[in-house]
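Residue numbers (the UniProt record's numbering): 1 to 191.
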C-alpha cells in the first residue's frame, strides 16, 4: 500500500512509493570484486522540503544469511520535476560522488537513472559511470545497478529485492483506519 503523508512536498507525490524503510537481500558480482550475496537496508525519508533523503547500507552475507562485513554505504537526495525527470545526488563510502539523472516511467512506479557526473577521491577504485533501475513491484522495492570502469564495459553488478519494514506504529495506524463495519468472522470479508 502506498501512503502519501500529508506533509510531503507536493512535487514529491510521484515518488511516494519509495518512502519508508526497506530491507532485503541481493547479489553482488563484478570483475575484480568478490561475488557474494548481500543484505541491504534502505531508507527514503522526507522533511517537508522538495527532496527525499536516501540512505543505504549493505553487507556481505555468509551461507547461512549472517552478516560477515560491510559491503557498501550510500547517502543521497532525490528530486523530481513537473516533467517526471528525476535527479539524484549521491555520495558513497568508497570515495565516489555521483549525479544521476533519469525519469519516472509513465503510469508505473519505475525509475531509470544514468550517471551524468562522477567525482572520485584518490583512494577510490576506478569507476566511470553506471545505470540503475528501481521499481515498485507487488508492494516490494526491487532494483538493479550497472556500472563501468575504464577496464570493464557497463554491466550489471548488484541487484536486490527489498520488503517494506513494518513498525508497531504502522500496525496501530492501520488498525485505527479500518472501517467500523468489518465482519467479525473474517470470512465474509472475502465474499
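Here a beta-carbon is modelled for each residue, glycine too, at the ideal position from N, C-alpha and C. Computed from a predicted model, the values in this text were never measured in an experiment.
- Every unbroken stretch of the beta strand (DSSP E) spanning 3 or more residues and falling wholly within the UniProt domain "THAP4-like heme-binding" (11-164) is given here in chain order: 20-28, 36-45, 52-61, 67-80, 85-92, 96-104, 110-120, 129-137, 140-148 and 155-164.
- Taking one beta carbon from each stretch, the stretch 88-100 and the stretch 27-44 have fewer than 3 pairs nearer than 8 Å; the two do not touch.
- The DSSP-derived three-state label of residue 168 is helix.
- For residue 36, the closest of 19, 85, 78 and 71 by C-alpha to C-alpha distance is 71.
- The criterion of a C-beta distance shorter than 8 Å is not satisfied by residue 104 and residue 140.
- In this structure, the alpha-carbon of residue 95 lies about 8 Å from that of residue 125.
- Within 10 angstroms of the beta-carbon of residue 88 lie 16 or more other beta-carbons, which makes it buried.
- In this structure residue 46 is buried. Its beta-carbon is surrounded by 16 or more other beta-carbon atoms within 10 angstroms.
- As the crow flies, the alpha-carbon of residue 128 is around 26 Å from that of residue 44.
- Contact check for residue 22 against residue 152 fails: the beta carbons are separated by 8 Å or more.
- Between residue 9 and residue 49, the C-beta gap is smaller than 8 Å, which places the two residues in contact.
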